[in-house]
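Those letters in the sequence shown? Residues 1 to 185, per the working numbering, in order. In this text, a Cβ means the ideal position worked out from N, Cα and C, and glycines have one as well. Keep in mind it's a predicted model, so treat the numbers as computed, not measured.
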Amino acid sequence: MSIGECLRRARLDAGKTLDQLAADTKIQLWILEAIERDDFSRIPGGVFIRGYLTAVARAVSLNPSEVLMAYSPELVPRPAPPPPVSPPPDPNEVTRTPLWQYAVIVAMVLGAVVLWQKMTRTSHDIAAAPTSPASVSAPPTTVPSPALRRPKRPNQVPPRRQGQPHPSHLRSRTRSIPLSRRLHR
1 MSIGECLRRA RLDAGKTLDQ LAADTKIQLW ILEAIERDDF SRIPGGVFIR
51 GYLTAVARAV SLNPSEVLMA YSPELVPRPA PPPPVSPPPD PNEVTRTPLW
101 QYAVIVAMVL GAVVLWQKMT RTSHDIAAAP TSPASVSAPP TTVPSPALRR
151 PKRPNQVPPR RQGQPHPSHL RSRTRSIPLS RRLHR
């Protein structure tokens with residue numbers, strides 16, 4: 001007799017339904033049904049199956065250790081088939097590197113050489129380049145008109161025009177407050 005059949009008979013002898021057993025053991029109904037059908041492939045394996053079997057055995061008044069001993073032969077893992085053996089590589093066979101890999105390596109080396117020459121040439125040209133007076137441009141001789149000039153300081157008040165009130169009311173009141181207090185406002 002299988003474990004599932006033994007547990008089903010013990011449950012029926014105890015007068016319990018699967019729903020009552022699920023409520024008593026807190027095991028989902030589909031797991032109990034799978035155990036009674038001996039369909040252990042659908043149940044989470046390892047420790048979980050042993051815990052389910054122990055809980056069901058206690059709920060139907062069976063000895064849990066006897067149930068686990070009866071389950072043990074089923075627990076033995078089946079040996080996995082050995083993986084297919086590939087033939088060993090032939091020592092006389094020569095493996096070749098694809099041509100495109102050589103082309104990429106050559107292109108990278110050439111690029112590095114060109115970059116190195118360009119970087120070293122520019123630093124030597126700058127250091128050794130003579131400065132001729134004709135190539136240096138003279139500063140502009142035109143002076144911008146006073147209307148286009150900006151005040152020298154950002155807080156400088158522009159001069160008063162006739163008929164305008166004194167711009168002291170435009171000045172910021174923060175001039176006398178330290179910078180640290182202005183930032184924390």
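- Looking at ILE43, LYS16 and ASP38, the one whose alpha-carbon comes closest to that of GLN28 is ILE43.
- ARG11 is classed as buried because its beta carbon has at least 16 other beta carbons within 10 Å across all chains shown.
- Shown here for ILE49: same chain residues with a beta carbon closer than 7 Å to its own, the five before and five after excluded, namely PHE40 and ILE43 in chain order.
- DSSP, reduced to helix, strand and coil, places THR97 outside both helices and strands of the structure shown, so it counts as coil.
- For a cut-off of 8 Å, the C-beta gap from LEU21 to ALA59 is around 6 Å, short enough to register as a contact.
- Beta-carbon to beta-carbon, LEU53 and LEU32 are separated by about 11 Å, too far to satisfy the 8 Å threshold.
- Straight-line spacing of the CA atoms in ARG37 and GLY46 works out to 18 Å.
- With distances taken between CA atoms, GLU5 lies nearest to ALA34 out of ALA103, ALA34 and VAL109.
- A direct Cα-Cα distance of roughly 37 Å separates ASP90 from LEU110.
- Taking the C-beta atoms as reference points, ALA70 is found no nearer than 9 Å to THR25.
- The Cβ neighbour count for ALA57, taken over all protein chains shown within 10 Å, is at least 16; the residue is labelled buried.
- Approximately 17 Å separates the beta-carbon atoms of ALA23 and SER61; this is outside 8 Å, ruling out the contact.
- DSSP, read as helix, strand or coil, puts THR54 in helix.
- In the three-state scheme derived from DSSP, where H, G and I count as helix and E and B as strand, ARG37 is classed as coil.
- By the C-beta density criterion, LEU7 is buried, having at least 16 other C-beta atoms within 10 angstroms.
- Going by DSSP, GLN20 is part of the alpha helix (DSSP H) stretching over 18 to 25.
- Straight across, the Cα-Cα distance linking PRO98 with PRO83 is about 31 Å.
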